[in-house]
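**Q** This note's numbering puts the first residue of the sequence shown at 48, with every later residue one more than the last.
No residue lacks a Cβ here, since even glycine has one placed at the ideal position from N, Cα and C.
Nothing here was measured: the structure is a model prediction, and the numbers come from that model.
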Amino acid sequence: MRQPSRSSRFAHALAAAGRYLAAYQRFVRLPAFGFTALVPLLGAATVRSSLPAWLIGGLLGVALAFHQFGYVLNDVIDLPVDRLHADRAGYPLVRQAITPRHALWFALAQIPLACVLTAWLRGDVWSYTWLAGGFAGGACYDIWGKRMRFPPVTDLIQGLAWACMIMYGARIAGMRAVPPTWLLASYIALYITQLNGVHGSLRDLRSDLAAGMRTTAIVLGARPHGPRGYHTSQRLAIYALGLQAALSVLIFWLLSGQLSYAPATAQALAALVVLLQLAGYFLTALTLWPPRRAPLKAIVLAYVLATLLGLIGLFAPALDTVGRTALLLAFAGPLLVSDAAGAVLGRVWRRT
Numbered sequence: 048m049r050q051p052s053r054s055s056r057f058a059h060a061l062a063a064a065g066r067y068l069a070a071y072q073r074f075v076r077l078p079a080f081g082f083t084a085l086v087p088l089l090g091a092a093t094v095r096s097s098l099p100a101w102l103i104g105g106l107l108g109v110a111l112a113f114h115q116f117g118y119v120l121n122d123v124i125d126l127p128v129d130r131l132h133a134d135r136a137g138y139p140l141v142r143q144a145i146t147p148r149h150a151l152w153f154a155l156a157q158i159p160l161a162c163v164l165t166a167w168l169r170g171d172v173w174s175y176t177w178l179a180g181g182f183a184g185g186a187c188y189d190i191w192g193k194r195m196r197f198p199p200v201t202d203l204i205q206g207l208a209w210a211c212m213i214m215y216g217a218r219i220a221g222m223r224a225v226p227p228t229w230l231l232a233s234y235i236a237l238y239i240t241q242l243n244g245v246h247g248s249l250r251d252l253r254s255d256l257a258a259g260m261r262t263t264a265i266v267l268g269a270r271p272h273g274p275r276g277y278h279t280s281q282r283l284a285i286y287a288l289g290l291q292a293a294l295s296v297l298i299f300w301l302l303s304g305q306l307s308y309a310p311a312t313a314q315a316l317a318a319l320v321v322l323l324q325l326a327g328y329f330l331t332a333l334t335l336w337p338p339r340r341a342p343l344k345a346i347v348l349a350y351v352l353a354t355l356l357g358l359i360g361l362f363a364p365a366l367d368t369v370g371r372t373a374l375l376l377a378f379a380g381p382l383l384v385s386d387a388a389g390a391v392l393g394r395v396w397r398r399t
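1) Rank GLY276, ILE285 and LEU325 by C-alpha distance to the C-alpha of PHE299 and give the top, closest one.
2) Relative to the C-alpha of SER254, which candidate in ASP189, ARG135, ALA84 and VAL347 has its C-alpha closest?
3) Report yes or no: do the segment 121-128 and the segment 245-260 share at least 3 C-beta pairs separated by less than 8 Å?
4) Who are the Cβ neighbours of GLY65 in its own chain at under 8 Å, not counting the five residues just before and after it?
5) According to DSSP, is TYR215 helix, strand or coil?
6) Going straight from the alpha carbon of ALA210 to that of GLN143, what length do you get?
7) Going by alpha carbons, who is nearest to GLY137 out of GLY360, ALA69 and THR93?
8) Please say whether LEU230 and LEU301 have beta carbons closer to each other than 8 Å?
9) What's the call for ALA418, buried or exposed, on a 16-neighbour Cβ count within 10 Å?
10) What are the partner residues of HIS246, as DSSP defines its beta bridges?
11) Contact check, PHE113 vs THR83 under 8 Å by CB: the rounded distance?
12) For HIS132, write down the residues that DSSP places opposite it in a beta bridge.
13) Over what stretch of residues does the alpha helix (DSSP H) that includes GLY108 continue unbroken?
14) Is the segment 306-318 touching the segment 343-356, taking contact as three or more C-beta pairs under 8 Å?
15) What do you reckon, are the CB atoms on THR262 and LYS344 nearer than 8 Å?
16) What is the rounded straight-line gap between the Cα of ALA284 and the Cα of LEU203?
17) Is LEU249 closer than 8 Å to ALA236 when the C-beta atoms are compared?
18) Relative to the C-alpha of ARG371, which candidate in ARG76, LEU88 and ALA60 has its C-alpha closest?
19) Can you give the beta carbon distance from GLY360 to LEU319, rounded, assuming they're within the 8 Å contact cut?
20) Just to confirm my understanding: we take SER233, look at its own chain, exclude 5 residues before and 5 after, and list those with CB closer than 8 Å. What are they?
21) Less than 6 Å between C-beta atoms, sequence neighbours within five positions excluded: which residues of the same chain meet that for HIS278?
22) Where do the ends of the beta strand (DSSP E) carrying PRO271 lie?
23) In the DSSP output, which residue or residues are listed as bridge partners for HIS278?
24) Just the Cα atoms here: how many angstroms apart are THR399 and VAL266?
25) Helix, strand or coil: how does DSSP classify ARG169 here?
26) Counting pairs of beta carbons, one from the segment 206-221 and one from the segment 96-115, are three or more of them closer than 8 Å?
27) Output needed for LEU333: all residues of its chain with C-beta closer than 6 Å, excluding positions within five of it in sequence on either side, in chain order.
28) Whole angstroms is fine: what's the gap from PHE329's alpha carbon to TRP167's?
29) When you compare only the Cα positions, how much space is there between THR176 and GLY244?
30) Would the beta-carbon of ALA363 fall within 8 Å of that of LEU374?
31) Using C-beta distances below 7 Å, list every residue in its chain close to PHE57, excluding the 5 sequence neighbours before and after it, in chain order.
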């Protein structure tokens, strides 16, 4: 019997590795890790301009543990809801490629992992306090986020959990929080509150209603309309645009005097922030009043990318080369393993 050649075995091994990577990236939502990775790095960037490689690596490890804990725990708890969501049919938990019990153990294992990494980073009591706040807030949202009488409260708790990771990054960097740290933490808290309560809950409106969940969009009057669309209410629009206005105030406050730039850099950043804030209002309006057959997932993704680019633009000029490179790679790297990127690369490969 003819044995497979070495190149054939390598191709099979590569294909198997690709399947495992695809399953892992869906299991932990790896493409979304870009935002999670940036949060503690930006926290550190508020207090120091030089980020050594060991600090960046440790913060990214803790960010990955925080990310895997939050997303996997949420998928375990929301499994009955996700089974009603057509876009999530390929998720490992939904198609029973992994059991909820094993997924739960995987999520819980991230807590000691984050603590070990914090010890390696020589974290103090405040570092562990902020870390505990991040994990506890994320767990509260995962457990009660769509089940409370007034869901904006749990949206805010989730936002505060992410704000804790800003504070964690600053503390691990060896410094006390400064005004930009608190402003950035406030921005992240309100941003996550809006992203979950408006963009996310409108995206999942049909499956959440079908499962009897209570989200901010549902409580404030959003309802499905037609085969794919929905109607929003005046209350939801006021809530969403009010949060967007608060985000604008915080980002311009950060830009005006809280961070130090050369005059030319400050002018360029001001123009960038204005453009991205206008994009934020436009994309929020598109989410609230989408055109017929609008690609809502693409709108939400564009909103997230506009926010991340604005934050990178604010802090990258003040960092050294290593820090700037880390911010850009943390942002762009996870996007390269997304399904959309894989489809594009596959088409390019077939054409070459």
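**A** Let me spell this out:
1) LEU325
2) ARG135
3) yes
4) None.
5) helix
6) Our two residues, ALA210 and GLN143, have alpha carbons roughly 34 Å apart in a direct line.
7) Nearest C-alpha to GLY137 among GLY360, ALA69 and THR93: ALA69.
8) yes
9) An answer regarding residue 418 cannot be provided, because it is not within the stretch 48 to 399 covered by the chain.
10) DSSP output for HIS246 lists no bridge partner at all.
11) 6 Å
12) Partner(s): none; HIS132 has no beta bridge.
13) 100-124
14) Under the Cβ criterion (8 Å, minimum of three pairs), the segment 306-318 does not count as touching the segment 343-356.
15) no
16) 18 Å
17) no
18) LEU88
19) 5 Å
20) ALA210 and LEU297
21) ARG270 and HIS272
22) Taken as a continuous stretch (DSSP letters only), the beta strand (DSSP E) holding PRO271 covers 270-272.
23) ARG270
24) The pLDDT assigned to THR399 is 47, lower than 50, so where the model puts this residue is not dependable; a value taken from the coordinates is nonetheless given after this. About 51 Å.
25) In the structure shown, ARG169 sits in coil (DSSP, three-state: anything other than H, G, I, E or B).
26) yes
27) ILE346
28) The C-alpha of PHE329 lies about 44 Å from the C-alpha of TRP167.
29) 26 Å
30) yes
31) none
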